[in-house]
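Asks:
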Amino acid sequence: MRYHLIAFFTVAIWGSTFVFTKLLLLSGLSPAQIFTLRFIIAYVLLTAYGVLFRRNSHRWLTDSWKDELLMVALGVTGGSLYFLTENEALNYTTTTNVSLIVCSCPLAAALLIGLCYKSERMSMVQTIGALMAVCGVAAVVLNGHFVLHLSPLGDALALGANLCWAVYSLLMIPANKRYGPLLITRKVFFYGLLTMIPYYLAYPSEVSSLLNRAPELLLNVQVVGNLLFLGVVASCICFLVWTWVMDKLGAMVATNYVYVNPLSTIVVASLVLSEQITVFFLIGALLIIVGMVLADRK
Numbered sequence: 003m004r005y006h007l008i009a010f011f012t013v014a015i016w017g018s019t020f021v022f023t024k025l026l027l028l029s030g031l032s033p034a035q036i037f038t039l040r041f042i043i044a045y046v047l048l049t050a051y052g053v054l055f056r057r058n059s060h061r062w063l064t065d066s067w068k069d070e071l072l073m074v075a076l077g078v079t080g081g082s083l084y085f086l087t088e089n090e091a092l093n094y095t096t097t098t099n100v101s102l103i104v105c106s107c108p109l110a111a112a113l114l115i116g117l118c119y120k121s122e123r124m125s126m127v128q129t130i131g132a133l134m135a136v137c138g139v140a141a142v143v144l145n146g147h148f149v150l151h152l153s154p155l156g157d158a159l160a161l162g163a164n165l166c167w168a169v170y171s172l173l174m175i176p177a178n179k180r181y182g183p184l185l186i187t188r189k190v191f192f193y194g195l196l197t198m199i200p201y202y203l204a205y206p207s208e209v210s211s212l213l214n215r216a217p218e219l220l221l222n223v224q225v226v227g228n229l230l231f232l233g234v235v236a237s238c239i240c241f242l243v244w245t246w247v248m249d250k251l252g253a254m255v256a257t258n259y260v261y262v263n264p265l266s267t268i269v270v271a272s273l274v275l276s277e278q279i280t281v282f283f284l285i286g287a288l289l290i291i292v293g294m295v296l297a298d299r300k
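So the number in my numbering is just where the residue sits in the sequence shown, counting from 1, plus 2.
As structure tokens, then:
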């Protein structure tokens, strides 16, 4: 039960990051800059912890080049490519479309993992539970306004983010069998940052604008506080805990908790941004909870 509770609260924290990210966007930071800063903070903290307190077990490289490529793939699918496709999708389609497509990633992950691992295939009860949870997400996100505006490019980018997290969940299975959470998480941050270099080469103005605004941002208490929350709590701690809990619960069971994401987003938004909680939220929450219970049953 404690592993389930930890997974629940980890995803609940991730759901709140949309609110804090929105506050940073309003302060003038771009999505790519926010991603880079939060991953830099997380990587520096994990590396410092490993060097100072885990000297005997700290290592910079994995056992083979194949395992190192596995870490690169984790850094891309769980880091740079995931965040870029998700954030870029918002420029071409509605937030509702992005939320619906991205938050249904547990279903995509379950199908992908079941395709690769026969023992992890969903039963009929689990399938019904997963579909119920997806319907719950739709009820929460749509909030009674059942209108979808299709945008091929934007929806394709959101689907790309969905598949990125599904592949990330799949790749985490062999990674957890060979290495500990600390090494895996640190590698995800490192390669997530490294694979952002092509993006900044294509858009050099992102770097120059960040450097020019650095003194102003450092003096802004709200901006620094939001970045520290995203870097320390949502990235460093949550990614580390998520890697560990996926090993304990299994990739498919842990990924089902992503359905909680929109619930925590709306709860935090109601507290911080004074957004209203409606009856559709309550109905969706009930569907998500019941669906998750069924989806986690063997």
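Using N, Cα and C, we set each Cβ at its ideal position, and we do this for glycine too.
(1) Figure out for me which residue from S121, L221, T38, F85 has the closest Cα to the Cα of V104.
(2) Can you tell me whether E218 is buried or exposed, with buried defined as 16 or more other CB within 10 angstroms of its CB?
(3) Return the CA-CA distance between N228 and M73, expressed in angstroms with no decimal places.
(4) Going by beta-carbon coordinates alone, are W62 and A111 separated by less than 9 Å?
(5) Determine the DSSP secondary structure at D249, reduced to helix, strand or coil.
(6) Only counting the same chain, and skipping five residues up and downstream in sequence, which positions put a Cβ closer than 7 Å to that of E159?
(7) Taking 9 Å as the threshold (C-beta atoms), are P33 and V260 in contact?
(8) Figure out for me which residue from M174, I199, T197 has the closest Cα to the Cα of T187.
(9) Buried or exposed for Q308, going by 16 or more other Cβ atoms inside 10 Å?
(10) Within a Cβ cutoff of 8 Å, which residues of the same chain sit near R40, ignoring the five residues on either side of it in sequence?
(11) Can you tell me whether DSSP reads Y259 as helix, strand or coil?
(12) Look at V292 and M134 and say whether their C-beta atoms are less than 9 Å apart.
(13) Which residue marks the beginning of the alpha helix (DSSP H) containing S211, and which one marks its end?
(14) Would you give the residue range spanned by the alpha helix (DSSP H) that N1 belongs to?
(15) Quick one: Cα of H6 to Cα of N214, how far?
(16) In terms of residue numbering, what span does the alpha helix (DSSP H) encompassing Y94 cover?
(17) Take the Cβ of S66 as the centre, count every other Cβ of all protein chains shown within 10 Å, and call the residue buried at 16 or more, exposed below.
(18) Buried or exposed: where does M3 fall if 16 or more other Cβ atoms within 10 Å of its Cβ makes it buried?
(19) Taking the alpha helix (DSSP H) that H6 falls in, what are its first and last residues?
(20) Quick one: what does DSSP say N89 is sitting in, helix, strand or coil?
Replies: This is what the structure holds:
(1) As a first step, residue 104 is located in the sequence shown; it is residue number 102 there, counting from the start. Ranking the options by Cα distance to V104, first place goes to F85.
(2) Locating residue 218 in the sequence shown gives position 216, counting from the first residue. So E218 ends up on the exposed side.
(3) As a working mapping, residue 228 is identified with position 226 in the sequence shown. As a working mapping, residue 73 is identified with position 71 in the sequence shown. Rounded to whole angstroms, N228 to M73 spans 28 Å at the Cα level.
(4) As a first step, residue 62 is located in the sequence shown; it is residue number 60 there, counting from the start. As a first step, residue 111 is located in the sequence shown; it is residue number 109 there, counting from the start. No, these two residues do not count as a Cβ contact at 9 Å.
(5) Within the sequence shown, the letter at position 247 stands for residue 249. Note: D249 maps to helix in three-state DSSP.
(6) What you label residue 159 is simply residue 157 of the sequence shown in a count that begins at 1. Reading off the sequence shown, one finds Leu at residue 159, where the question assumed Glu. Cβ neighbours of L159 beyond the five flanking positions: T87, E90, A91, Y94.
(7) Within the sequence shown, the letter at position 258 stands for residue 260. Within the sequence shown, the letter at position 31 stands for residue 33. Contact flag unset, no.
(8) Against the sequence shown, residue 187 aligns to sequence position 185. Checking every option, the nearest Cα to that of T187 belongs to M174.
(9) Only positions 3 to 300 of the chain appear in this structure, which leaves residue 308 out of reach.
(10) Residue numbering aside, residue 40 sits at position 38 when the sequence shown is read from its first letter. Contacts found: L229, L232, G233, A236, S237.
(11) Here residue 259 refers to the residue found at position 257 when the sequence shown is read from its first residue. Of the three classes helix, strand and coil, the one that applies to Y259 here is helix, per DSSP.
(12) Taking the sequence shown and counting its residues from 1, the one referred to as residue 292 is at position 290. Taking the sequence shown and counting its residues from 1, the one referred to as residue 134 is at position 132. Yes, the pair counts as a contact, with Cβ atoms nearer than the cut-off.
(13) For the purposes of this step, residue 211 is taken as the residue at position 209 of the sequence shown. Residues 207-220.
(14) Only positions 3 to 300 of the chain appear in the structure, and residue 1 is not among them; the question remains open.
(15) If you number the sequence shown from 1, residue 6 lands on position 4. If you number the sequence shown from 1, residue 214 lands on position 212. The straight-line gap from Cα to Cα measures roughly 44 Å.
(16) Position 92 of the sequence shown, counted from the first residue, corresponds to residue 94. Where Y94 is concerned, there is no enclosing alpha helix (DSSP H), given that its DSSP letter is neither H nor E.
(17) Here residue 66 is taken as the residue at index 64 of the sequence shown, counted from 1. Answer is exposed; the Cβ neighbour count stays below 16.
(18) The count along the sequence shown starts at 1 and reaches residue 3 at position 1. Exposed: under 16 other Cβ atoms inside 10 Å.
(19) Numbered from 1 along the sequence shown, position 4 holds the residue referred to as residue 6. Looking at the DSSP string, the run of the alpha helix (DSSP H) that includes H6 is 4-28.
(20) Within the sequence shown, numbered from 1, the residue matching residue 89 stands at position 87. It is helical.
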